[in-house]
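Residue numbers (the numbering used here): 1289 to 1811.
To start, the structure itself, in structure tokens.
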Ligand code: GLC
């Protein structure tokens, strides 16, 4: 098993801090709340936690508008509680990843305040300022979700570039002073003991100094989904050198929102760039066996052997997969089996382990400029009126059914979704095939996705070979799936029972993790 790094073996739990848990009663999730819930995450059985941005921020983009990359917003806590979080996370055998936001800062960041103050300010060139007007912006780029990428600033009569909101000006990484200043922010958190970073829209940071137009055919296309400048790779190698210069295994997983796996592949470099890259094709995939089969063939063939895949079904920017897949809890359960048995590192967004659907957010309670509030709803911790948010109510409504579908109720019920996830995480931890093995498609009838995970150690006698078979019935009717050999059910998406023989039948929207018969069932 040599050569594997912890992030290849890990399941990463994604915390969106504002809506995870509130420790000080102000209705705003914080690090105190997260500390209180670490035992829950350890009980669940995840290996690492990625916390969304906790930096000081005006919160025009949920904290992805940073005014200081080396501090904690008072709404989340302070550096002392952060240090406690590092200790307490590690004490439970978990790793901690920060969200690092290098493409832009907040417009309220002192760097930008200086940059915009005059054309000859020493920080002018830390951002992209160009001549232009609303009718004739400096180039034809479109910002995220088609919005303008340039804003005119009266004071100095020029426009500045922002791939996201006007409150998020893009940093100019062509300026060595920016590189140096941002490197220092990486070191700041590495020195405090974090295990690494999730790096926000990393594919956007490198930019041609002339900011040339896109070809006319791409002029209306959101830059964030196509930006792919070669200069980014040298910058990433610089980050990697910093990470590798620290003791312990520090890592970074980059958000590359390009939807071409071959393009994502390049961000792993020659093993000297990202340790992992998100590949969001799985975020878009529907509830369809054929679509998943195609994706599971496509991803490893495009990534090649050296680039370890990642899998994600939901994050804070998308509709939850339960909602995306049509609302069925059976589908949400079966999707859990899928996510946690694939070859690659799964990222599990908070609340998916409860089978949550998106909250309905009425117009007067919307927060996010892009309407991404549904999946960012607060986690219901119990069935009381406040759902464990003891003081002020959180600004977003709770997900539907929170009186029954909450952490306390599910932890008490072995048949719940959270116990299913726990069994899956336990099974994954105990199986080299699931964590590290190869992936092979299995022959299945239409509507059923099937694959084997196979781990063969290097030893001459083949002892220690580990094998699993996964079957997911996407159809709303039962399916017969004849399989070779004797298999027992290790995890079933719809019932807590385990250890019984597989008789070749799958229920509607049911998924099974099967182990060769003859191995003791997990407890
Ligand atoms: C990433 C984040 C998203 C944010 C954007 C700008 O895509 O996940 O929430 O709006 O970057 O920072």
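From the three backbone atoms N, C-alpha and C, an ideal C-beta is built for every residue, glycine too.
Excluding the 5 residues flanking residue 1289 on each side, which residues of the same chain have their C-beta closer than 8 Å to its C-beta? Mapped onto the chain shown, residue 1289 falls at position 1. For residue 1289, the predicted model reports a pLDDT of 41, less than 50, meaning its position is unreliable; a value from the coordinates is still stated below. Correct list, in chain order: 1720, 1724 and 1745.
Since residue 1799 sits in a beta bridge, which residues does DSSP pair it with? The count along the chain shown starts at 1 and reaches residue 1799 at position 511. Paired residues: 1760.
Got a sec? Which residues, its chain only, sit under 7 Å from residue 1782 by beta carbon, not counting five neighbours each side? Stepping through the chain shown from its first residue, residue 1782 is reached at position 494. Closer than 7 Å at Cβ, skipping near neighbours: 1618, 1621, 1795 and 1798.
Same chain, Cβ closer than 6 Å to residue 1338, neighbours up to 5 away in sequence not counted: As a position in the chain shown, residue 1338 is number 50, starting the count at 1. If we look at residue 1338 and ignore the five residues flanking it on each side, its Cβ neighbours are 1300, 1302, 1385 and 1486.
Residues in the same chain with beta-carbon distance under 8 Å from residue 1712, minus the five sequence neighbours each way, listed in chain order, please. Taking the first residue of the chain shown as 1, we reach residue 1712 at position 424. These residues qualify, in order along the chain: 1624, 1625, 1628, 1629, 1779 and 1801.
Going by beta-carbon coordinates alone, are residue 1571 and residue 1600 separated by less than 7 Å? In the chain shown, the residue the question calls residue 1571 occupies position 283. In the chain shown, the residue the question calls residue 1600 occupies position 312. Closer than 7 Å, so yes.
Smallest Cα separation from residue 1370: which of 1347, 1343, 1354 and 1349? Locating residue 1370 in the chain shown gives position 82, where the first residue counts as 1. Nearest C-alpha to residue 1370: 1343.
Can you find a heavy atom of the ligand GLC that lies under 6 Å from the Cβ of residue 1489? Taking the chain shown and counting its residues from 1, one reaches residue 1489 at position 201. At least one heavy atom of the ligand GLC is nearer than 6 Å to the Cβ of residue 1489, so yes.
Below 8 Å on the Cβ atoms is my guess for residue 1365 versus residue 1320; work out the distance and round it to an integer in Å. If you number the chain shown from 1, residue 1365 lands on position 77. If you number the chain shown from 1, residue 1320 lands on position 32. The Cβ separation is near 6 Å, so the contact holds.
Put residue 1289 into one of helix, strand or coil per three-state DSSP. To locate residue 1289, count along the chain shown from 1; it is residue 1. With a pLDDT of 41 at residue 1289, under the threshold of 50, the predicted position of this residue should be treated as unreliable, though the coordinate-derived value follows. Note: residue 1289 maps to coil in three-state DSSP.
Quick one: does the C-beta of residue 1483 sit closer than 6 Å to a heavy atom of the ligand GLC? Counted from its first residue, the chain shown places residue 1483 at position 195. Outside the cutoff, so no.
Rounded to whole angstroms, what is the Cα-Cα separation between residue 1728 and residue 1741? Here residue 1728 refers to the residue found at position 440 of the chain shown. Here residue 1741 refers to the residue found at position 453 of the chain shown. Taking the straight line joining both Cα atoms gives about 6 Å.
Check whether the segment 1490 to 1499 touches the segment 1350 to 1369, taking contact to mean three or more Cβ pairs, one atom from each stretch, closer than 8 Å. no
Per DSSP, residue 1302 forms a beta bridge with which residues? The residue you call residue 1302 lines up with position 14 of the chain shown. Looking at the DSSP assignment, residue 1302 forms a beta bridge with 1338 and 1637.
Could you tell me which uninterrupted beta strand (DSSP E) segments, each at least 3 residues in length, are contained entirely in the segment 1316 to 1390, listed from first to last along the chain? 1336 to 1339 and 1383 to 1388
Nearest neighbour of residue 1466, chosen from 1757, 1789, 1749 and 1494 [CA to CA]: Sequence index remark: in the chain shown, residue 1466 carries index 178 (1-based). Cα-wise, what sits closest to residue 1466 is 1494.
Nonlocal neighbours in the same chain, by C-beta distance under 7 Å from residue 1439, ignoring five residues either side: In the chain shown, the residue the question calls residue 1439 occupies position 151. Contacts found: 1447, 1448, 1450 and 1454.
Residue 1791, buried or exposed, once every other Cβ within 10 Å from all chains shown has been counted against 16: What you label residue 1791 is simply residue 503 of the chain shown in a count that begins at 1. That one is exposed.
Residues in the same chain with beta-carbon distance under 6 Å from residue 1752, minus the five sequence neighbours each way, listed in chain order, please. Sequence index remark: in the chain shown, residue 1752 carries index 464 (1-based). Cβ neighbours of residue 1752 beyond the five flanking positions: 1745.
When we look at the beta-carbon of residue 1394 and count the other beta-carbons within 10 Å, is it buried (16 or more) or exposed? Indexing the chain shown from 1 puts residue 1394 at position 106. By the 10 Å Cβ count, residue 1394 comes out buried.
Proximal residues to residue 1433 (C-beta, below 7 Å), its chain only, five neighbours per side dropped: As a position in the chain shown, residue 1433 is number 145, starting the count at 1. For residue 1433, where only same-chain residues beyond five positions count, the Cβ hits under 7 Å are 1510 and 1658.
Separation of residue 1468 from residue 1452, as counted between CA atoms: One-based indexing of the chain shown puts residue 1452 at position 164. One-based indexing of the chain shown puts residue 1468 at position 180. Computed Cα separation, rounded: 23 Å.
Residue 1751 (DSSP reduced to helix, strand or coil): Residue mapping note: residue 1751 aligns to position 463 of the chain shown, counting from 1. Note: residue 1751 maps to coil in three-state DSSP.
Closer than 8 Å is the cut-off here; do at least three beta carbon pairs connect the segment 1312 to 1326 with the segment 1678 to 1694? yes
Smallest Cα separation from residue 1762: which of 1755, 1773, 1738 and 1598? Your numbering for residue 1762 matches position 474 in the chain shown. Checking every option, the nearest Cα to that of residue 1762 belongs to 1738.
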